[in-house]
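In full-length UniProt numbering, the protein residues as written are 1 to 110. Reviewing the structure listed below.
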Amino acid sequence: MSFTVTVVFPNDADAEYNIDYYTQTHMTLIEKHWSKYGLKGWSVTKYVPGLDGTPPLYAFGSEVFWENEDGAKAAFASPEVAEIMGDVPHFSNKTPIFLLGQTVKPAFEF
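Structure (structure tokens):
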């Protein structure tokens with residue numbers, strides 16, 4: 001069963017983010033190091049106010065798509081995780097929130 005890791009960053013008043021760095025550098029670093037563990041693709045979303053104008057709970061986030069849960073777990077236990085997590089301060093002054101899940105029905109097939 002395929003697996004998804006969703007990462008979101010709080011939309012706090014004191015948050016400082018560089019979404020361009022996140023998209024162009026951090027996510028490509030993840031792709032470079034974790035493809036061998038079954039990473040199949042990723043996307044980045046910048047959240048906008050709700051239809052009623054309320055600010056979003058999160059500023060931005062990403063979804064990382066995996067062949068299976070074992071591959072994602074192996075990636076997060078790999079030696080490369082130190083470099084990947086060590087890169088977070090280059091684009092965020094907030095701690096990321098991770099949501100892990102088994103894909104019930106994919107929107108597309110890899």
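Glycine included, every Cβ here is placed at the ideal spot set by N, Cα and C. It should be emphasised that the depicted structure is a prediction, and the values quoted were computed from it without experimental measurement.
* Assign GLU31 to one of three DSSP states: helix, strand, or coil. => helix
* According to DSSP, which residues form a beta bridge with PHE60? -> PHE9 and LYS46
* To do: Quick one: give me the first and last residue of the beta strand (DSSP E) that residue 118 is part of.
  => Outside the shown range of the chain (1 to 110) lies residue 118, about which nothing can therefore be said.
* Asked: Based on the DSSP output, what are the partners of THR25 in its beta bridges?
  -> Note: THR25 sits in no beta bridge, so no partner.
* Sufficient close CB pairs (3 or more, under 8 Å) joining the segment 67 to 83 to the segment 13 to 23 -> no
* **Inter-stretch contact (C-beta, 8 Å, three-pair minimum) for the segment 71 to 81 and the segment 22 to 41** => yes
* Examine the Cβ distances between the segment 41 to 48 and the segment 77 to 89 and report whether three or more of them are shorter than 8 Å. => no
* CB-CB under 7 Å to TYR58, same chain, minus the five flanking residues each way: which ones, in chain order? -> VAL8, PHE9, PRO10, ASN11 and TYR47
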